[in-house]
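Chemist:
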Amino acid sequence: MRINNINSLQIFQVLQFGTAVLIGIYLAKSGLPLEQISVYEAWMFIGSLFSFFWVSGGQNALLQQFPKLEGSARPTALFSVFLLFSAAGLAAGVALFLSRHFVVDQLTNFTAVPNLDLLALYVIFNCPAFLVHIYYLLIKKYALIVWFAIFGFGLQLAAVVVPIYLGYNLRAAMAGLVAVAVFKYCWALVVLYRYTEWQVDRSFVKKYAVLAVPLVLLSLIGKGADYASGLVVTNLFDDEKAFAIFRYGAREFPLAVLMVGALGTSLIPETAENLTLGLQRIKASSRKLSHWLFPLSMLSMLASPFLFPVVFSDGFEESARVYNIFTLLISSRILLPNVIVMSQGKNYFLTLSATFELVLLTMLSWWWGSLWGLEGVAFAAVAAFFVERLIVVSYVWKALEIAPFQYIDRRTYIGYNMVLYLVFWLSLYL
0 MRINNINSLQ
10 IFQVLQFGTA
20 VLIGIYLAKS
30 GLPLEQISVY
40 EAWMFIGSLF
50 SFFWVSGGQN
60 ALLQQFPKLE
70 GSARPTALFS
80 VFLLFSAAGL
90 AAGVALFLSR
100 HFVVDQLTNF
110 TAVPNLDLLA
120 LYVIFNCPAF
130 LVHIYYLLIK
140 KYALIVWFAI
150 FGFGLQLAAV
160 VVPIYLGYNL
170 RAAMAGLVAV
180 AVFKYCWALV
190 VLYRYTEWQV
200 DRSFVKKYAV
210 LAVPLVLLSL
220 IGKGADYASG
230 LVVTNLFDDE
240 KAFAIFRYGA
250 REFPLAVLMV
260 GALGTSLIPE
270 TAENLTLGLQ
280 RIKASSRKLS
290 HWLFPLSMLS
300 MLASPFLFPV
310 VFSDGFEESA
320 RVYNIFTLLI
330 SSRILLPNVI
340 VMSQGKNYFL
350 TLSATFELVL
360 LTMLSWWWGS
370 LWGLEGVAFA
380 AVAAFFVERL
390 IVVSYVWKAL
400 EIAPFQYIDR
410 RTYIGYNMVL
420 YLVFWLSLYL
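The sequence shown begins at 0 in numbering that gives the first Met the number 0 and counts up one residue at a time.
#1: Can L257 and Q58 be called in contact, C-beta distance under 8 Å?
#2: Between the alpha carbons of A353 and I220, how many angstroms are there, rounded?
#3: Give me the Cβ distance between T350 and L217, rounded to the nearest whole Å; I'm assuming they're in contact under 8 Å.
#4: I need the DSSP call for Q155, collapsed to helix, strand or coil.
#5: Take K183 and list the residues in its own chain whose beta-carbon comes closer than 6 Å to its own, dropping the five residues that flank it on each side.
#6: Taking 7 Å as the cut-off, is the CB of S47 close to at least one heavy atom of the ligand HEM?
#7: Starting from the Cα of F252, find the closest Cα among F293, G70, R193 and give me that residue.
#8: Mark M362 as exposed unless 16 or more other C-beta atoms lie within 10 angstroms of its C-beta, in which case mark it buried.
#9: Going along the chain, which residues of its own chain have a beta-carbon closer than 6 Å to the beta-carbon of L334, five neighbours each way excluded?
#10: Between which residues of its own chain and F16 is the CB-CB distance below 6 Å, once the five residues before and five after are set aside?
#11: For V179, which residues in the same chain have their Cβ closer than 6 Å to its Cβ, ignoring the five residues on either side in sequence?
#12: Assign D116 to one of three DSSP states: helix, strand, or coil.
#13: L399 to F147, Cα distance in whole Å?
#14: In whole angstroms, what is the alpha-carbon distance linking S364 and V231?
#15: Anyone know if the C-beta pair for C126 and F84 falls short of 8 Å?
#16: Apply the 10 Å Cβ neighbour rule to T275 and answer buried if 16 or more other Cβ atoms are within range, or exposed otherwise.
#17: For I22, which residues of its own chain have a beta-carbon under 6 Å away from its beta-carbon, when the five flanking residues on both sides are left out?
#18: So S284 and Y141 are in contact, right, with Cβ under 8 Å, and what is the actual spacing, rounded?
#19: Report the three-state DSSP secondary structure of V199 (helix, strand or coil).
#20: Is the number of C-beta pairs between the region 410-419 and the region 293-303 that are closer than 8 Å three or more?
#21: Using a Cβ-Cβ cutoff of less than 7 Å, which residues in the same chain neighbour Q198 once the five nearest sequence positions on both sides are dropped?
#22: Taking the runs of the alpha helix (DSSP H) that are 4 residues or longer, which of them lie wholly in the region 2-74?
#23: Counting only the same chain and skipping the five closest in sequence on each side, list residues whose C-beta sits under 7 Å from that of V190.
#24: Helix, strand or coil: how does DSSP classify Q405 here?
#25: Is the beta carbon of Y121 closer than 8 Å to that of V177?
#26: Please list the terminal residues of the continuous alpha helix (DSSP H) segment that includes L360.
#27: Going by C-alpha to C-alpha distance, which of K206, V54, P403 sits closest to F65?
#28: So for G277, helix, strand or coil by DSSP?
#29: So is A302 buried or exposed if we call it buried at 16+ other beta carbons inside 10 Å?
#30: Please identify the residue among N323, L33, G263, F11 whose C-alpha is closest to the C-alpha of V381.
#31: Around the C-beta of G166, are 16 or more other C-beta atoms found within 10 angstroms, so that it is buried, or is it exposed?
#32: Would you call the CB atoms of G92 and I123 closer than 8 Å?
#33: Given a threshold of 16 other Cβ atoms within 10 Å of its Cβ, counted over all protein chains shown, does W367 qualify as buried or as exposed?
#34: Mapping DSSP to helix, strand and coil, what is A86?
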């Protein structure tokens, strides 16, 4: 297989998600109490809460701006962004450490979440390393994206599994994750040494900030919707086990979010450079993905009631039902109007639509969660995301004068969705 811009990112995303799943399976099978597994999930949740928005926004701003830079400006631009990420990572880690008691008391229902000092160090070093695969994408070193993923995520898996297997506690696993983050940060420094000029381009930084601010807000509000469900669960349900049950199910079909996400990331610079070609690529690529993502999603729906208790444990039967609901998100996720909007620099509209999604999700999650439990929270996520995606499709049509079926394959999309919801209905009786 020839490694290119799209499949290199897809492999990266698969390895990243696969590592998280394998860690979850091992922890469930390791004999650790479910409460301890919840602590590990809380670490990942809290660490991401302090970093996901600016990491994602900063990456997307670079993807938009880099293709438009002159060749001589690109090396200093990459170095400048890394300095910004390092400063932001330090600020996020310090903020996490100083607010650790508030976070535990106000944002979760845990009596205590230990080792947040180590988690702060993990954030400081790990966040800037998120630029490595983006840099490789921009300088067209696609094979190196795969190698970075193999080493980085392989070490992450070992950092958690080995200490627990040897009988150490979760603090040892967290210390191992910090060591892996330092390793990836050093890898980033090597990339900087080889492919950048160690000078700050102040002109670029000003332009970058203009693009990044709305994208950071977009990620804070839009992707914050993913975390709103978790926050509702931690506050709505008194049982600490509910958080682990929800988190293990609230993953949707892995390949869907990974492959579509990687596709969107890779197409932003292409569409920014050539809109007509970008629309064709979006339509063809999403159609190709649909031909196997939808069937696999349906099969996973039918298999999940049998696999979750086997793969994890008997305490996770409800996670399968949550998972099947989240799998319906493929219906909205396969649509990529946001790629078009970002490629045209209309970032503030995405911020507005994401704000609406977050408000709608929070209200529906609390309402439907009170009525139907964890399944209600899951249905709220599906409904809110679908409404937000329809808003963006309408904006692209009316404001940018790009009809939906210029980048959506009509027959493929409608046909697969009809079968998807039929299979979901059948899965309720398994």
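Glycine included, each C-beta is placed from N, C-alpha and C at the ideal position.
Modeler: A quick look at the data gives this:
#1: no
#2: 6 Å
#3: 5 Å
#4: helix
#5: A128, G151
#6: Ligands displayed in this structure: none; no statement on the ligand HEM is therefore possible.
#7: F293
#8: exposed
#9: R388
#10: P253, L257
#11: L154, Q155, A158
#12: helix
#13: 38 Å
#14: 7 Å
#15: yes
#16: exposed
#17: V159
#18: Contact flag wrong, Cβ pair sits at about 16 Å.
#19: coil
#20: yes
#21: T75, F78
#22: 4-28, 33-48, 51-64
#23: V131, Y134
#24: helix
#25: yes
#26: 346-371
#27: K206
#28: helix
#29: exposed
#30: N323
#31: exposed
#32: yes
#33: buried
#34: helix
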